[in-house]
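Peer 1: Would you mind keeping the following structure in view while I ask a few things?
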Amino acid sequence: MRLSSLLKRRRKTKRTPPPPEAPRVSRSAVARALRHSAVASSYRSAAELGMRIATALSTIETAVLAIDAVNDHLREGANLVAGAAKSDNLGRRALLAGRYDDVRAEIDAAVGSAAHNRINLINGCLIGGQHATFDIPLDYEGRSGIAIAVVNLTTGEGGLALSPPRSAFAEDAEIATILGEIDAAQSRIAEVSMRFSDHAALIADRLGRLQELAGAKPIESHLPTGADTLLHGTSNDAQPLDLDILETVEPLGEK
């Protein structure tokens, strides 16, 4: 036998065996892996969208609590004007008028302090100087959402239109006019409060569904609601006027 034939035979006997085949992955295992990946992605997406919606909800809550503060001021104002209508004492009327003017200023302060995330829904100003509505997306693609119109609840002509007591309540006609303005303002406040509360309830429901998708990861606003500070700010530090004390005030010019 030739040497070349022997070498060929030896090469054949020393061939490296093929590597063992990798175990095949079952379709069910692939499906489980894809499902787990999709669920993890869904958790993250739900948490991210939820945080944006939670921040928007805090903005609405800030406005609603400010509206409640304005409503409290209007109730006090109505009592002041009604007290003036029942009195013939010009000195007492003047003091009531002074306190009513303070109430008007406190309403404007509460409205001006109702901003959250640089958005104020009740001061009548365009959001960012451009938008008359606060648009809140409720899904990932922005195909579903809520548009909340900005309202003006200041005491000026474009808002609640609460006139100052120019005659210090000396004139009955002025008292009657201001009582009518307060009544109209309270109706306006009730309508706006109900609308904002309805929006908040709808958004809270959507937020609850996203929390279910997000699992154990809590969904919170990246900015806490700032509305509770309205109840403790300097604009509300003044105490309501004690109407009983004013019963002893003498008319102006009398001794």
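The opening residue of the sequence shown carries number 94 in this note's numbering; numbering runs sequentially from there.
C-beta atoms are modelled at their ideal positions from N, C-alpha and C, and glycine is treated no differently.
Remember, predicted model here, so these are calculated numbers, not experimental data.
Grouping DSSP H, G and I as helix and E and B as strand, with all else coil, what is Ala240?
Peer 2: strand
Peer 1: Count the CB pairs spanning the stretch 207-218 and the stretch 293-302 that are closer than 8 Å, and state whether there are at least three.
Peer 2: no
Peer 1: Between the Cα of Arg197 and those of Ile296, Phe262, Met287, Ile275, spot the shortest distance and give me the residue it belongs to.
Peer 2: Ile275
Peer 1: Can you tell me which of the three DSSP states Phe289 falls into?
Peer 2: helix
Peer 1: With a cut-off of 8 Å, do at least 3 Cβ pairs link the stretch 188-197 to the stretch 152-165?
Peer 2: no
Peer 1: What three-state label does DSSP hand Thr248 in the structure shown?
Peer 2: coil
Peer 1: Between Leu167 and Ala278, which are expected to be in contact by the criterion C-beta below 8 Å, what is the C-beta distance as a whole number of angstroms?
Peer 2: A Cβ-Cβ distance of about 6 Å is found for the pair Leu167 and Ala278, placing them in contact under the 8 Å criterion.
Peer 1: With DSSP run on the structure shown, which of helix, strand or coil describes Asp228?
Peer 2: strand
Peer 1: Assess contact between the stretch 259-272 and the stretch 178-192, defined as three or more Cβ pairs (one per stretch) separated by less than 8 Å. Is contact present?
Peer 2: By the Cβ criterion, the stretch 259-272 is in contact with the stretch 178-192, since at least three pairs of Cβ atoms, one from each stretch, lie closer than 8 Å.
Peer 1: Find out if the Cβ-Cβ distance for the pair Ile271, Val174 is shorter than 9 Å.
Peer 2: yes
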